[in-house]
Amino acid sequence: MQKIAIYPGSFDPVTNGHLDIVERGLYIFDKIIVAILLNPTKNSFFAVEERMEMLKDSMKQFKNVEFDTFDGLLVDYARQCKANAILRGMRAVSDFEYEFQLALMNRRLQRDIQTVFLMTGLRWIFTSSSIIKEAAQFGGDIEDMVPPIVNERLKQKYAHEH
Ligand code: PNS
Numbered sequence: 000m001q002k003i004a005i006y007p008g009s010f011d012p013v014t015n016g017h018l019d020i021v022e023r024g025l026y027i028f029d030k031i032i033v034a035i036l037l038n039p040t041k042n043s044f045f046a047v048e049e050r051m052e053m054l055k056d057s058m059k060q061f062k063n064v065e066f067d068t069f070d071g072l073l074v075d076y077a078r079q080c081k082a083n084a085i086l087r088g089m090r091a092v093s094d095f096e097y098e099f100q101l102a103l104m105n106r107r108l109q110r111d112i113q114t115v116f117l118m119t120g121l122r123w124i125f126t127s128s129s130i131i132k133e134a135a136q137f138g139g140d141i142e143d144m145v146p147p148i149v150n151e152r153l154k155q156k157y158a159h160e161h
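Numbered per numbering that gives the first Met the number 0, the sequence shown spans residues 0 to 161.
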């Protein structure tokens, strides 16, 4: 049986921390589907199309990775994809409570899909999409935390503010 994992998230935008999780996840899974949640209630910074373009560009070196969007319940989407796992990265303690809730709810909803956590690489432990956007907004150098395309796009977006 093929081991397929869904790697879900907002990816607003993708960071080097996300790349690290996918790269390491590929040692465990035969295929990873990186899936952007279509969330009309959450105000995203980048449009879905832009987020998708940045994801694809920054992960083009990986084989066995597919890209998609989803709405509704994650476990329903995972089932549709015949995935048997949900892949999530875990950073510092602050992630734990939310991730634990999410994993337990998903398990309650669908017992045959397992959530697998990978500890984020030490280099990326304090990297998050929101803190990167904040630093970029005020002209901070975030080049070594994001793929080149994301660095470019952030610069473009915030250019008018300087
Ligand atoms: O990058 P994020 O914002 O931390 O990702 C959160 C995500 C997309 C994994 C989560 O919000 C999600 O799975 N949403 C879909 C609805 C769902 O299934 N929620 C969990 C059970 S109620």
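The C-beta atom is built at its ideal place from N, Cα and C for all residues, glycine as well.
Within the DSSP bridge table, the entry for residue 7 names 34 as partners. At a cut-off of 3 residues, the continuous stretches assigned as beta strand (DSSP E) that sit fully inside the segment 24-106 are 30-36, 64-69 and 84-89. Cβ contact annotation for residue 40 (same chain, cutoff 7 Å, sequence separation greater than five): none. Just measuring C-alpha positions, the residue of 61, 7, 97 and 1 sitting nearest residue 69 is 7. Residue burial is scored here from C-beta neighbours: residue 93 has fewer than 16 other C-beta atoms within 10 angstroms and is therefore classed as exposed. Ligand 1 approaches residue 104 closely enough that one of its heavy atoms is under 7 Å from the residue's Cβ.
Set against 7 Å, the gap from the CB of residue 12 to the closest heavy atom of ligand 1 is not smaller.
The C-beta distance from residue 144 to residue 126 rounds to 5 Å, short enough to meet the 8 Å contact threshold. When the beta-carbon positions are compared, residue 33 and residue 53 stay at least 8 Å from each other.
In terms of Cα proximity to residue 90, the closest of 5, 13, 10 and 17 is 17.
Here the C-alpha atom of residue 11 lies approximately 15 Å from the C-alpha atom of residue 155. Residue pairing for residue 155: DSSP places it in no beta bridge.
In the three-state reduction of the DSSP assignment, residue 136 falls in the helix class.
DSSP places residue 145 outside both helix and strand once states are collapsed to three, so it counts as coil.
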